[in-house]
Structures are given as structure tokens and as C-alpha cells.
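Per the UniProt record's numbering, the sequence shown starts with residue 1, numbered consecutively.
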Amino acid sequence: GDSSRETRMKEEKELVNNVSNLIAKVEVVENLTSKVQEELKSERRVRRHLEEDLNETRFSIKMLDDKLLNVTLPMDSRVTHVEEIMLSSLENMNKTFFEDHLKKLYYKVDGVVYKNETEKLDERLDQVETELMDANNINTTLKFAEELNNLTDILSAMNQTIMEKLAEEESRLGSLENKTTKLDELEVLQVQMTNVLNKTSKLDELEELQDQMANLLHKTTKLDELESLQDQMTILLNVTELMQTRAIDLWMDIQNVR
């Protein structure tokens, strides 16, 4: 009796610890995914600013090119050479401008000033781009997805185990309720015990009745313990359902990132 109850309590404690560990794992995955998404947003902002500046500069180059084409002087080799030099100079200026502008943007992503962090941020953005933007290399996303799948499988298995244990305890509870009408039997035993006490020659019968009463009291205590266990199982089921919902939501978020 005591050993089986200790075993059951140990199993319940392990189940609670497993659920807590799974919650912590899912939170880690959520945090990692959130950080990656934030860095992707920052990188996209940088790219968008650069594309806007690039379009403006291309437009300026095109206007200058149109003016050169409209020159009425003979387009001899000298004019062509001047045009090439000017366009080459503009391209170099354009490249330098973009590099400087990129560094300035790196210093101010999400309105936060990063002092002396240009190289670190640059490397991190390259790493994020390599891992998540390249269609041929999505190991990080796949790793997160695989971990979420594993967590979902574990939660499903735990849910099944909890349901089986709950069904088993409910069956045992029903069996006890069918076998014992506790209060009626206790009242009968009290009457019998009173009669036996009046007959000193029936000491053996009194001891037997006392044993029966002790057994019934033990059954009553066990029934209360089973009812408490049923409440704990219900709480575990609610936590498991919540975990499954969070895992599915997170899986959908990662699918959207991909």
C-alpha cells in the first residue's frame, strides 16, 4: 500500500518535472526564433534604405547620361573618353557612398546606437542571411522545426500516458465505490462492536471486527487520495493542452518565417 503510493507519487512528480522542462524548452525555442526574426527585420530595413538610395543614384546617372547623349558636339573619342571617366567616377562615388551609408545604418538599427559594433553586427547579419535567407541552407530553421516536432511528439505521448493513468485510477475508484458502502458498514460494525463489548466471552470476535473497521478506514483514506490524484491529473491535462497549443502556434510562426 505505502510502497505503491510512493511509486505513484514519484511518477506524478516526474510527470510534472517533464512538463516543466518542456515548457522551458519551448520558451527557449520561442526566444531564439524571436531574436532571429528581429535581426531579419533589421537587415531588411538596411536593404530597403540601400535600395532606395541606389535607385536615386541610378536616376542621377541616367539623367547625366541623357545629357551627354544630347550634346551637339561630334561624339569623337575624346567625348566618349570623358563620358567613361565621369561614369566610372560616379560608380566609385556611388560604391563608397553606399559603404559609408551601410556603416551608419549598422550603428543605428531599431533606433539603438551601436558604438564600435559595426563589424560584429555585420558578421551577425551575414550569418543570419546565410542560415535563413539562402534557400539551399536553412539548417537553423529546420533544426527549430525538428525540435518543435519532437516536443509535440513528447507532449502527445505524455498526454496519452496521463489519460491511461487517469482511466486506470477512475476504474480503481469505481471498483472501490461498488464494493463499499462505507458509512452503512461502519454503522453496522459499531452496533456489532457494542454487542460484543457486552459479552466478554467474545474477545476474539471483537478483534476481528476492529480489523475490519481499520480496513474500511484505510479504504476511505485511499479513496480521498484517489480523488486528490484525479484533480492533479486534470491540472496536468490542462497544462498539456496549453503546451500543445503553444507548440503548434510556434511551429506556424516558424513556417511563416521560412
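Ideal placement from N, C-alpha and C gives every residue a C-beta, glycine not left out. No experiment lies behind these values; they were computed from the predicted model shown.
Distance, Cα to Cα, residue i vs residue j?
{"i": "Lys219", "j": "Asn18", "result": "31 Å"}
{"i": "Met243", "j": "Thr33", "result": "17 Å"}
{"i": "Glu43", "j": "Val26", "result": "26 Å"}
{"i": "Thr240", "j": "Glu11", "result": "16 Å"}
{"i": "Met163", "j": "Ser20", "result": "18 Å"}
{"i": "Leu15", "j": "Val257", "result": "33 Å"}
{"i": "Lys13", "j": "Glu38", "result": "38 Å"}
{"i": "Ala247", "j": "Ala167", "result": "26 Å"}
{"i": "Lys41", "j": "Ile235", "result": "39 Å"}
{"i": "Thr7", "j": "Ala214", "result": "23 Å"}
{"i": "Lys115", "j": "Asn31", "result": "Below a pLDDT of 50, predicted positions are generally treated as unreliable, and Lys115, at 44, falls in that range; the measurement from the model is reported next regardless. Each residue's Cα considered, the two are about 25 Å apart."}
{"i": "Leu50", "j": "Glu56", "result": "10 Å"}
{"i": "Val28", "j": "Gln255", "result": "17 Å"}
{"i": "Tyr107", "j": "Leu22", "result": "Confidence in Tyr107 is poor, its pLDDT being 47 and thus under 50, which makes the residue's placement unreliable; the coordinate value appears in the next sentence. If you take the alpha carbons of Tyr107 and Leu22, they lie about 38 Å apart."}
{"i": "Leu223", "j": "Met9", "result": "15 Å"}
{"i": "Asn195", "j": "Thr221", "result": "27 Å"}
{"i": "Val46", "j": "Lys165", "result": "55 Å"}
{"i": "Asp53", "j": "Met63", "result": "15 Å"}
{"i": "Arg5", "j": "Glu207", "result": "27 Å"}
{"i": "Met252", "j": "Val36", "result": "15 Å"}
{"i": "Asn24", "j": "Phe59", "result": "The question names Asn, yet the displayed sequence has Ala at residue 24. Going by the C-alpha atoms only, they are around 53 Å apart."}
{"i": "Thr245", "j": "Glu170", "result": "27 Å"}
Since residue i and residue j are thought to touch, with beta carbons under 8 Å apart, how far apart are those beta carbons, to the nearest angstrom?
{"i": "Gln212", "j": "Leu237", "result": "Not really, about 37 Å apart at Cβ, beyond 8 Å."}
{"i": "Leu250", "j": "Leu216", "result": "The pair is not a contact, with the Cβ atoms about 51 Å apart (cut-off 8 Å)."}
Thinking C-beta only, is residue j closer than 8 Å to residue i?
{"i": "Gln192", "j": "Leu209", "result": "yes"}
{"i": "Leu229", "j": "Arg172", "result": "no"}
Is there a Cβ of chain C sitting closer than 8 Å to that of residue i, yes or no?
{"i": "Arg8", "result": "As a matter of chain content, chain C is missing from the structure shown, which is built from one protein chain."}
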